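Peer 1:
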Amino acid sequence: MRMWDFFCIFAAQIYKFDTKGRFMATAQNRKKRVLVTYIEAGFGHITTANSIASAIEALHDPNIEVIRKYMFKDDPVLVKLEKSYVRDVKWANTFPWHNYLQMAATHIGGIHNSLPFVVSLIYRKVREKYLAELAQIKPDIIIDTHYFTSFLATEYRDKVDPHVKVVTYDPDNNVHNWWNIRVDKFIVNCRLAFHEALEKDFTRKQLMIVPFVTRKEIMDVTEDKAYYREQYGLPQDRFTVMVAAGGYGKSGMNRVVNALMHVKYPITIIAICGTNKRMYNRLMSLKTKVAPHIDLRPYEFVNKVYELNRASDVFLTKGGPNAMLDSALLGVPIGVFYCASPIEYKSMHLFTSILNCGRFFRTAHRIVRWVNECASDPSILDIYIDAENEVRAKGNGAVQIAQFIQTYE
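Position one of the sequence shown corresponds to residue 6 (the working numbering), numbered consecutively onward.
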């Protein structure tokens, strides 16, 4: 073998060429850059992205560089888009028909054509700015938890860097029409979503199913409710109800808290108002005016809200998949009082009717009756707690995603 042939073979093992003929190092001589994208469109997407990024970092793999990036913060065009998503979530949490109409619109022009059409018609500048952001980062793998960032990631792969791999985790418990079938790997968290993905034309090779993805902090909670009641100065001997409706404190939460004032047994009401300053101020002013057997505890945004969840006997919330999941993993039965979209309705159905982690209530009157029953006999909740223990026993899907990313090329 000639010396030149030997050199070419050796070089081919170490380097590969990009689409423009330039040398590009492989994983043999540089770290694999794994980009985890963040978008605020409800806090669930951020929580899920954090969970996956933390699980990859916990591997302590010297060959992987994890990049966490809030993609819509550095450019006015991108900031404007994210604000519109936040506004949409707040609208959906107040007027459920808003999101139902949006979901219906995804059928216009075919389920795989409507999003590309909307992006080309309305969001061309967003696409250009977003692809420019990705080009600066130069990732090897892009991990998304939102349909829009997933779509833009595939645009980057197809138009800029064909070597990048696009991995999407669907934090919902179903697969709606705008999840992108062009991704390299699409990860779901339940069999219902898996079968819906097949119906939406994902291939079996693209699909991966893992247990529910959650934060490591949730799985690390081992202390009982008495421990956290002491930490937060909550009464030990009162039935405790936590009420939350996402980070924005919408979705009829006021109505539910007001209804709980009519519970006839001594209870503690933990009201998580999130960023809803107006509701927080109203509840704080109401705190000293409620009946003596009602202990009202309003909170603004709480970083470790799962600790208050664990301190509770039941958790009343809207049908957000991440909030219900946290409560189930903590062994706190769920009562759902609002579904902002078809996505949340299907998630509610999964956690209440299939996994048996709680109940769905159409009226506040039924919530009050349930709380009265449970406060008088907490053993009513045992059937839900047993079911939630089964969910927890399946482990954290973020760990499985991290292990997959570790070997994915």
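Heads up, the beta-carbon is just placed ideally off N, CA and C, and yes, glycines get one too.
Predicted model only: the values in this text are computed from it and were never measured.
Would you mind stating whether Ile277 and Tyr304 have Cβ atoms separated by less than 7 Å?
Peer 2: yes
Peer 1: Tell me the rounded alpha-carbon separation between Gly402 and Val295.
Peer 2: When only Cα atoms are considered, Gly402 and Val295 end up about 43 Å apart.
Peer 1: Spatial neighbours of Asp80 within its chain, please: C-beta separation below 6 Å, excluding the five flanking residues on both sides.
Peer 2: Lys134
Peer 1: Which runs of the alpha helix (DSSP H) spanning at least 4 residues fall entirely within the segment 106-181, listed in chain order?
Peer 2: Here the runs fully enclosed are 119-127, 129-142 and 152-164.
Peer 1: Can you tell me where the beta strand (DSSP E) with Val248 in it begins and where it stops?
Peer 2: Element bounds for Val248: Phe244 to Ala249.
Peer 1: Secondary structure at Gly49, three-state DSSP: helix, strand or coil?
Peer 2: Residue state for Gly49 is assigned as helix, using DSSP reduced to three classes.
Peer 1: For Thr159, which option in Asn308, Arg187, Ile272 and Glu138 has the closest C-alpha, if you only look at C-alpha atoms?
Peer 2: Per the C-alpha coordinates, the member of Asn308, Arg187, Ile272 and Glu138 positioned closest to Thr159 is Arg187.
Peer 1: Let me know if Ile127 comes out buried or exposed under the rule of 16 or more other beta-carbons within 10 Å of its beta-carbon.
Peer 2: exposed
Peer 1: Can the beta-carbon of Thr53 be found less than 7 Å from the beta-carbon of Asp149?
Peer 2: no
Peer 1: Tell me the DSSP secondary structure of Arg220 in three-state form.
Peer 2: coil
Peer 1: Spatial neighbours of Ser155 within its chain, please: C-beta separation below 8 Å, excluding the five flanking residues on both sides.
Peer 2: Cβ neighbours of Ser155 beyond the five flanking positions: Asp149, Val171, Thr173, Trp184, Asn185 and Val188.
Peer 1: Tell me the DSSP bridge mates of Leu40?
Peer 2: Leu40 is bridged to Ile72 and Ile147.
Peer 1: Would you mind sorting Glu138 into buried or exposed? The rule is 16 or more other CB atoms within 10 Å of its CB.
Peer 2: It is buried - the Cβ of Glu138 has at least 16 other Cβ atoms within 10 Å.
Peer 1: Would you mind giving the Cβ-Cβ distance between Leu301 and Ile274, rounded to the nearest angstrom? I have them listed as a contact below 8 Å.
Peer 2: 5 Å
Peer 1: What residue from Arg38, Ala140 and Pro383 has the CA that sits closest to Tyr270's CA?
Peer 2: The shortest C-alpha separation from Tyr270 is found at Pro383.
Peer 1: Can you tell me whether Phe122 is buried or exposed, with buried defined as 16 or more other CB within 10 angstroms of its CB?
Peer 2: exposed
Peer 1: Which of the three DSSP states is assigned to Met329 in this structure?
Peer 2: helix
Peer 1: May I have the straight-line CA-CA distance separating Ala407 from Leu288, to the nearest angstrom?
Peer 2: 42 Å
Peer 1: Based on Cα-Cα distance, which residue from Asn263, Glu312 and Leu157 lies nearest to Thr227?
Peer 2: Glu312
Peer 1: Leaving out five residues on either side along the sequence, give the residues of the same chain with a beta carbon under 6 Å from the beta carbon of Ile388.
Peer 2: Spatial neighbours of Ile388 in its own chain (CB-CB distance under 6 Å, excluding positions within 5 residues in sequence) are not present.
Peer 1: I need the straight-line Cα distance from Asn394 to Asp166, nearest angstrom please.
Peer 2: 44 Å
Peer 1: Out of Cys344, Gly251 and Asp175, which has the shortest C-alpha to C-alpha gap to Asn281?
Peer 2: Measuring from the Cα of Asn281, the nearest candidate turns out to be Gly251.
Peer 1: Hey, how far is the Cα of Lys351 from the Cα of Ala202?
Peer 2: 14 Å
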